[in-house]
Amino acid sequence: NAGVMQNPRHLVRRRGQEARLRCSPMKGHSHVYWYRQLPEEGLKFMVYLQKENIIDESGMPKERFSAEFPKEGPSILRIQQVVRGDSAAYFCASRGSVRGNTIYFGEGSWLTVV
Amino acid sequence: DAKTTQPNSMESNEEEPVHLPCNHSTISGTDYIHWYRQLPSQGPEYVIHGLTSNVNNRMASLAIAEDRKSSTLILHRATLRDAAVYYCILPPLNYGGSQGNLIFGKGTKLSVKP
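As structure tokens, then:
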């Protein structure tokens with residue numbers, strides 16, 4: 004997990020609140036991916052972003068979820084009006100610009116909705 | 002995308018070698034074989050990848066069958082820290098392109114006994 008920084012590591016939100024998860028990719032990486040892992044389940048792709056662009060959001064739920072990767076600053080995964088089913092581990096990954104570069108993951112952000 | 006098949010679980014004794022198999026009979030000529038592992042409560046960790054030739058790095062070795070329809074991840078001396086879920090992944094043909102995400106299956110859960 005070399006260098007992909009995620010925060011917060013743990014987040015507790017009440018139903019209806021908003022959750023913001025941040026991801027700083029490895030230095031020099033301009034491609035970011037978000038994955039979700041529900042309890043006792045596998046990793047599921049959510050969204051793939053490059054700086055200022057969403058490239059593939061085919062794994063994102065249609066409502067309440069959004070992601071951005073601005074020109075400056077970290078990538079943000081935003082979950083509005085959280086529900087208990089959003090409780091999961093959210094992993095960010097990044098890679099460099101050369102096609103086929105290895106993808107490296109962060110340690111994850113664990114969201115608990117109470 | 003080419004499909005991979007791995008055993009659900011394997012056991013090993015500490016300090017013994019471990020051979021984790023992966024079948025990918027529908028692999029195409031340009032598919033790389035990637036291995037990641039996920040320790041409990043952590044993000045996926047890149048282990049190794051290869052195309053045709055066997056590969057070695059500080060973590061493991063990857064042995065690829067001559068017909069490329071299967072491969073084996075080799076941990077030369079298992080430690081307790083190697084207990085994890087190991088994923089064999091064949092990134093999509095446009096890996097690194099517009100849909101450059103990794104697709105995780107169920108993987109092999111490796112238990113290491115002291």
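So the protein lines, in turn, are chains A and B.
Per the numbering used here, residue 4 is the first one in the first sequence, and the count goes up by one each step.
Per the numbering used here, residue 2 is the first one in the second sequence, and the count goes up by one each step.
The beta-carbon is built from N, C-alpha and C at its ideal position, and this holds for glycine as well.
Predicted, not measured: the structure shown is a model, and the values here were computed from it.
Neighbour list for residue 47 of chain B in chain A, Cβ cutoff strictly below 7 Å
Chain order gives the chain A residues near residue 47 of chain B as 105 and 107, where near means a beta carbon separation below 7 Å.
By how many angstroms is the C-alpha of residue 35 of chain A removed from the C-alpha of residue 28 of chain A?
If you draw a straight line from the Cα of residue 28 of chain A to the Cα of residue 35 of chain A, it is about 7 Å long.
Less than 8 Å separating the beta-carbons of residue 6 of chain A and residue 107 of chain A?
Result yes, Cβ atoms of residue 6 of chain A and residue 107 of chain A sit closer than 8 Å.
Judging by CA-CA distance, which residue of A:100, A:91, A:98 and A:116 is the nearest neighbour of residue 42 of chain A?
Comparing Cα positions, the closest option is A:91.
With a 10 Å radius around its C-beta and 16 neighbouring C-beta atoms as the bar for buried, classify residue 66 of chain B as buried or exposed.
Under a 10 Å Cβ-count criterion, residue 66 of chain B is classified as exposed, with fewer than 16 other Cβ atoms of the shown protein chains found around its own Cβ.
Anything in the segment 45 to 74 of chain B with a Cβ closer than 8 Å to a Cβ of chain A? List those residues in chain order, please.
Only 45, 46, 47 and 50 from the segment 45 to 74 of chain B bring a Cβ to less than 8 Å from some Cβ of chain A.
Residue 106 of chain B CB to nearest chain A CB: under 8 Å?
Residue 106 of chain B belongs to the set of residues whose beta carbon lies under 8 Å from a beta carbon in chain A.
Output, in sequence order along the chain, the residues in the segment 11 to 22 of chain B whose CB is closer than 9 Å to any CB in chain A.
So nothing in the stretch comes that close.
Within 8 Å, do at least three Cβ pairs link the segment 85 to 94 of chain B to the segment 40 to 48 of chain B?
Verdict: yes, contact present.
Tell me whether residue 19 of chain A sits in a helix, a strand or coil according to DSSP, three-state version.
Residue state, collapsed to three classes: coil.
Counting only beta-carbon separations shorter than 8 Å, does residue 72 of chain A have a partner in chain B?
Taking Cβ atoms only, chain B never reaches closer than 8 Å to residue 72 of chain A, which makes this a no.
Residue 12 of chain B - partner residues in DSSP beta bridges:
DSSP output for residue 12 of chain B lists B:112 as bridge partner(s).
Proximal residues of chain A, C-beta to C-beta of residue 7 of chain B below 8 Å
Neighbours of residue 7 of chain B on chain A: none; closest Cβ ~12 Å, over 8 Å.
Contact set for residue 115 of chain A: own chain, Cβ-Cβ below 6 Å, skip 5 residues either direction:
Short of 6 Å from the beta carbon of residue 115 of chain A, and not among the five residues preceding or following it, lie these beta carbons of its own chain, in chain order: 15 and 90.
Any C-beta of chain A sitting closer than 8 Å to the C-beta of residue 103 of chain B?
Any Cβ of chain A closer than 8 Å to the Cβ of residue 103 of chain B would place that residue at the interface, and such an atom is present.
Within the chosen definition, does the segment 54 to 61 of chain A reach the segment 11 to 23 of chain B through at least 3 CB pairs nearer than 8 Å?
Contact check between the segment 54 to 61 of chain A and the segment 11 to 23 of chain B: fewer than three CB pairs, one atom from each, fall below 8 Å, which does not count as touching.
So with Cβ pairs under 8 Å, would you call residue 55 of chain A a contact of chain B?
Interface with chain B (8 Å Cβ-Cβ cutoff): residue 55 of chain A is excluded.
Bridge-paired residues (DSSP) for residue 105 of chain B:
Paired residues: none, contrary to the question.
Is the CB-CB distance between residue 100 of chain A and residue 33 of chain A below 8 Å?
Contact: yes.
Give the single residue among A:22, A:26 and A:110 whose Cα lies nearest to the Cα of residue 85 of chain A.
Nearest C-alpha to residue 85 of chain A: A:22.
Taking only beta-carbon positions, decide if residue 111 of chain A is within less than 8 Å of chain B.
The beta carbon of residue 111 of chain A falls within 8 Å of a beta carbon belonging to chain B, placing the residue at that interface.
Considering only C-alpha positions, which residue in the set B:114, B:115 and B:106 is nearest to residue 9 of chain B?
Relative to residue 9 of chain B, the option among B:114, B:115 and B:106 whose CA is nearest is B:106.
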